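Q: I have a structure here, written as structure tokens, and I will follow up with some questions on it.
In UniProt numbering, the protein residues as written are 1 to 528.
Following this line, the structure appears as structure tokens:
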């Protein structure tokens with residue numbers, strides 16, 4: 001009865017708050033929720049609402065603190081529970097998210113929707129074991145909806161259970177042949193042949209996709225993958241063009257913003273960042289362009305008993321936001337950099353180490369494989385003197401074409417046009433040259449072609465640079481001690497290292513002249 005009364009009060013307060021928000025009266029919204037909190041001081045629902053209010057006001061730390069408080073007082077309404085999960089994910093409060101998920105797992109009243117959202121956010125945070133528990137519980141608590149089944153299958157792919165995942169995708173497509181996400185994920189699972197492929201079925205799904213660019217992009221990517229597998233380059237290229245057109249309709253990209261950020265990074269006064277005390281743990285940052293081989297390198301290093309492979313973390317960008325006390329788009333933006341300069345001598349390194357501490361497994365070394373951290377490498381080197389940095393370097397055309405043909409979720413909006421892709425690559429190259437000049441000897445370039453041609457030699461060099469002992473198991477990614485991988489390379493990195501003699505872009509060279517010309521004009525040597 002008490003819970004029901006609380007739910008009614010919260011519903012009335014939310015309706016009142018919505019009216020105030022519609023008028024833009026955010027100060028009144030804050031006052032409303034603070035009054036409600038005075039009457040219900042343990043209400044996690046209200047704390048979540050206050051977190052959203054502070055975010056709107058630009059107060060990153062205050063918003064984060066309300067989210068943290070809410071995690072100690074689980075909301076009673078489904079709206080509040082979903083809000084809490086998303087808030088904890090927004091602020092990269094992965095330890096609190098883990099504990100919150102545990103609370104929902106022991107709460108018989110937790111709905112499949114709440115458990116599934118826990119699973120989704122935990123997977124994004126790299127907490128795969130807990131994500132799997134939440135998704136399994138969601139399926140046990142209710143019917144396996146299309147969305148929950150997709151999440152379940154994605155986790156199976158990340159764990160290497162491709163056949164189980166394929167069965168789920170095929171079941172979903174039997175019920176809904178136009179399920180674009182299922183087609184996209186299914187196409188990535190294996191190489192297809194002229195005898196065994198889904199091209200005709202994907203073409204049929206495209207016929208009913210209509211004017212929805214999200215569905216069209218996913219279906220076109222699936223079609224490109226399978227057509228490329230079977231050697232139909234004309235169909236594969238037309239599908240890739242369709243995918244890129246669809247993505248450009250939904251992704252905002254402003255080249256002037258990219259240029260402004262690049263210049264601000266080049267000019268950033270690194271003495272604004274203080275050096276953290278050595279706390280024993282040695283972070284190994286693996287950076288580079290997406291699709292440059294960062295996942296492969298981490299998977300090979302993960303064979304070492306000295307190291308914990310943590311995957312794509314967002315902890316350093318989150319530490320920057322906390323230090324700057326402002327939200328940011330992507331890894332970093334101009335606002336964060338400006339606020340860091342204003343605050344001076346911020347100890348980003350200690351904030352970062354505090355955020356990752358719960359993940360460490362008693363080993364000295366750990367990897368943080370967030371490719372986009374290349375943007376803030378100077379800040380990393382300054383904040384964490386003990387850190388090692390491995391920079392994956394891949395042939396310009398190979399890495400650019402691999403970006404062009406990939407669908408990214410909310411990042412890399414530059415990658416769907418050859419001109420903006422080339423501009424981004426050249427900016428990346430310029431920034432990496434700058435970090436090398438600023439921190440000579442702190443960054444080891446690891447050439448992708450060397451890594452696949454001579455895995456042992458490359459891993460011996462990497463191990464020596466990091467201060468680790470080389471073990472022979474490192475030369476084969478199949479020896480990885482890491483159980484789950486959640487990147488676009490999740491299937492490939494479970495196979496032996498393959499030295500591909502003919503690069504993938506070669507078959508599409510006539511179509512890639514705008515990209516090639518722009519790279520040459522920017523000073524890139526495109527000879528193999």
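C-beta atoms are modelled at their ideal positions from N, C-alpha and C, and glycine is treated no differently.
On a predicted model such as this, the values are computed, not experimentally measured, just so you know.
For residue 119, collect the residues of the same chain with a Cβ closer than 6 Å to its Cβ; drop the 5 residues on either side in sequence, then sort them by chain order.
A: Against the chain shown, residue 119 aligns to sequence position 119. Answer for residue 119: 131, 134, 135 and 151, listed in chain order.
Q: Do the CB positions of residue 230 and residue 176 come within less than 8 Å of each other?
A: By 1-based counting over the chain shown, the position of residue 230 is 230. By 1-based counting over the chain shown, the position of residue 176 is 176. No, these two residues do not count as a Cβ contact at 8 Å.
Q: How big is the Cα-Cα spacing for residue 274 and residue 379?
A: Position 274 of the chain shown, counting from 1, holds the residue named residue 274. Position 379 of the chain shown, counting from 1, holds the residue named residue 379. Looking at the two C-alpha atoms, the distance is approximately 9 Å.
Q: Determine which residues share a DSSP beta bridge with residue 392 and list them.
A: Numbered from its first residue, the chain shown carries residue 392 at position 392. Partner(s): 446.
Q: In angstroms, rounded to a whole number, what distance separates the CA positions of residue 416 and residue 248?
A: Here residue 416 is taken as the residue at index 416 of the chain shown, counted from 1. Here residue 248 is taken as the residue at index 248 of the chain shown, counted from 1. Looking at the two C-alpha atoms, the distance is approximately 6 Å.
Q: For a quick check, are the C-beta atoms of residue 216 and residue 209 less than 8 Å apart?
A: As a first step, residue 216 is located in the chain shown; it is residue number 216 there, counting from the start. As a first step, residue 209 is located in the chain shown; it is residue number 209 there, counting from the start. The answer is yes: Cβ separation under 8 Å.
Q: Would you check if the distance between the CB atom of residue 123 and the CB atom of residue 96 is smaller than 8 Å?
A: Translated into positions along the chain shown, residue 123 becomes position 123. Translated into positions along the chain shown, residue 96 becomes position 96. Cβ atoms of residue 123 and residue 96: not closer than 8 Å.
Q: Give, in chain order, every unbroken run of the alpha helix (DSSP H) that is at least 4 residues long and sits entirely within the stretch 191-221.
A: Those alpha helix (DSSP H) runs which fall completely within the stretch 191-221 and span 4+ residues are 199-207.
Q: Going by the CB atoms, is the gap between residue 243 and residue 403 shorter than 8 Å?
A: Numbered from its first residue, the chain shown carries residue 403 at position 403. Numbered from its first residue, the chain shown carries residue 243 at position 243. Contact: no.
Q: DSSP three-state label for residue 497, please.
A: Position 497 of the chain shown, counted from the first residue, corresponds to residue 497. It is coil, neither helix nor strand.
Q: How long is the line joining the alpha carbons of residue 164 and residue 153, rounded to whole angstroms?
A: Locating residue 164 in the chain shown gives position 164, where the first residue counts as 1. Locating residue 153 in the chain shown gives position 153, where the first residue counts as 1. Going from the Cα of residue 164 to the Cα of residue 153 covers about 7 Å.
Q: Pick out the complete alpha helix (DSSP H) segments inside the stretch 118-205, 4 residues or longer, and give them in chain order.
A: Counting whole runs of 4 or more residues, the stretch 118-205 contains the alpha helix (DSSP H) stretches 128-141, 146-159, 162-175 and 180-187.
Q: What residues are listed by DSSP as bridge partners for residue 283?
A: As a first step, residue 283 is located in the chain shown; it is residue number 283 there, counting from the start. 366, per the DSSP bridge assignment.
Q: Check whether the stretch 336-345 and the stretch 387-398 touch, using three or more Cβ-Cβ pairs below 8 Å as the test.
A: Output reads no: the stretch 387-398 does not touch the stretch 336-345.
Q: Quick check: what's the CA-CA separation for residue 20 versus residue 50?
A: Locating residue 20 in the chain shown gives position 20, counting from the first residue. Locating residue 50 in the chain shown gives position 50, counting from the first residue. Residue 20 and residue 50: Cα-Cα distance of roughly 14 Å.
Q: Report the CB separation of residue 202 from residue 219 in whole angstroms; it is logged as a contact under 8 Å.
A: If you number the chain shown from 1, residue 202 lands on position 202. If you number the chain shown from 1, residue 219 lands on position 219. 6 Å between Cβ atoms; contact.
Q: Give a yes or no on contact between the stretch 364-382 and the stretch 425-442, applying the rule of three or more CB pairs nearer than 8 Å.
A: Counting Cβ pairs under 8 Å, three or more are found: they touch.
Q: Which residue comes first and which comes last in the alpha helix (DSSP H) that contains residue 265?
A: Mapped onto the chain shown, residue 265 falls at position 265. It spans 255-267 - the alpha helix (DSSP H) in which residue 265 sits, taken as one unbroken run.
Q: DSSP beta-bridge partners for residue 402?
A: Position 402 of the chain shown, counted from the first residue, corresponds to residue 402. Its beta-bridge partners do not exist; DSSP assigns none.
Q: Taking contact to mean 3 or more Cβ pairs, one atom from each stretch, closer than 8 Å, check whether the stretch 18-38 and the stretch 296-309 are in contact.
A: Contact fails: fewer than three Cβ-Cβ distances are below 8 Å.
Q: What did DSSP end up calling residue 472 once you bin it into helix, strand or coil?
A: Here residue 472 corresponds to residue number 472 of the chain shown, with the count starting at 1. Residue 472: helix per DSSP, three-state reduction.
Q: Quick check on residue 380: does DSSP put it in helix, strand or coil?
A: Here residue 380 corresponds to residue number 380 of the chain shown, with the count starting at 1. In the structure shown, residue 380 sits in a helix (DSSP, three-state: H, G or I).
Q: Out of 445, 455, 405 and 475, which has the shortest C-alpha to C-alpha gap to residue 188?
A: If you number the chain shown from 1, residue 188 lands on position 188. It is 405.
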